[in-house]
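Note that the working numbering has the sequence shown beginning at 24, numbered continuously upward.
So the structure is just underneath, and the comments pick up after that.
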Amino acid sequence: MVDNSDLKQCNGKNGCGQWKPKSEYSNAAGNKDGLYSICRPCKKAAVHKSYLEKDHEKRKAHANQYYLENKELVKGRNRKYRRRTPAKQMLRNAKCRADKKGEIITITEQDILNIFPTHCPLPHCGIKLVPGGVGYERFNSPSLDKINSKGIYEKDNVIVVCFRCNTIKGEGTPEEHLSIGNFYQKLLKSKL
Ligand SMILES: [Zn+2]
Ligand SMILES: [Zn+2]
24 MVDNSDLKQC
34 NGKNGCGQWK
44 PKSEYSNAAG
54 NKDGLYSICR
64 PCKKAAVHKS
74 YLEKDHEKRK
84 AHANQYYLEN
94 KELVKGRNRK
104 YRRRTPAKQM
114 LRNAKCRADK
124 KGEIITITEQ
134 DILNIFPTHC
144 PLPHCGIKLV
154 PGGVGYERFN
164 SPSLDKINSK
174 GIYEKDNVIV
184 VCFRCNTIKG
194 EGTPEEHLSI
204 GNFYQKLLKS
214 KL
């Protein structure tokens with residue numbers, strides 16, 4: 024048995040659960056034994072934590088306010104950042120797509136930089152790649168494509184193409200693309 028006559032357990036939400044001498048507790052007149060329910064170090068940590076949380080809320084509110092007052096400036100800055108860091112953006116988007124499908128992803132930002140072309144490598148296209156486009160303007164933005172759509176994002180299974188070519192390809196296989204191409208070619212010819 025623990026002789027706990029001079030000991031008190033540091034209890035409660037922010038307590039460490041340890042049995043400590045009563046001298047380790049601050050006075051709290053409102054409590055039954057006249058002491059705080061948690062020890063001094065735990066009390067100090069809890070106060071610090073709540074201070075940080077309050078500070079975090081304050082900083083967040085300040086950032087939101089700044090955004091509302093400087094929307095165009097912030098958007099412009101974000102866009103410039105995206106333009107400067109296309110590989111980072113492509114990796115982030117790929118990670119997001121892989122996450123949704125529960126796939127693993129092994130490529131790095133450097134892997135993407137190593138294969139980054141200046142122009143879309145597809146022969147019918149060849150457009151100059153311009154990072155940072157948004158919405159309809161991103162037809163010529165570089166985008167990461169899986170060569171084999173059924174594979175994962177790994178070093179030997181990725182290629183950088185323009186956004187438009189990537190959209191056209193989607194998740195289709197070469198066989199499906201040939202079949203679609205032949206179908207529309209025949210259809211168009213029959214209408215001439
Ligand atoms: Zn404690
Ligand atoms: Zn292209």
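Using N, Cα and C, we set each Cβ at its ideal position, and we do this for glycine too.
Separation of LYS83 from PRO197, as counted between CA atoms
One C-alpha to the other measures close to 48 Å.
Across which residues does DSSP place TYR176 in a beta bridge pair?
Per DSSP, ILE128.
Leaving out five residues before and five after GLU47 in sequence, what residues of the same chain have Cβ atoms less than 7 Å from its Cβ?
Same-chain partners within the cutoff: CYS62, ARG63.
Applying the 10 Å Cβ sphere with the 16-neighbour rule, what's the burial state of CYS119?
So CYS119 counts as exposed.
Would you say the beta carbon of ARG187 comes nearer than 7 Å to a heavy atom of ligand 2?
Because some heavy atom of ligand 2 lies under 7 Å away, the Cβ of ARG187 counts as near it: yes.
In whole angstroms, give me the CA-to-CA distance for LEU145 and LEU96.
Within the model, the alpha-carbon separation for LEU145 versus LEU96 is close to 36 Å.
Sorted by chain position, which residues of the same chain lie with C-beta nearer than 7 Å to ASN231's C-beta, five sequence neighbours on each side aside?
Residue 231 lies beyond the residue range present for the chain, which begins at 24 and ends at 215; the question has no answer from this structure.
Name all residues in chain order for which at least one heavy atom of ligand 1 lies closer than 7 Å to the residue's CB.
Taking each Cβ in turn, the ones that pass are CYS33, GLY38, CYS39, GLN41, LYS43, ILE61, CYS62, PRO64, CYS65.
Quick check on ILE182: does DSSP put it in helix, strand or coil?
Here ILE182 sits in strand by DSSP.
Neighbour-count burial assignment, ASN54, 16 or more Cβ in a 10 Å radius
So ASN54 counts as exposed.
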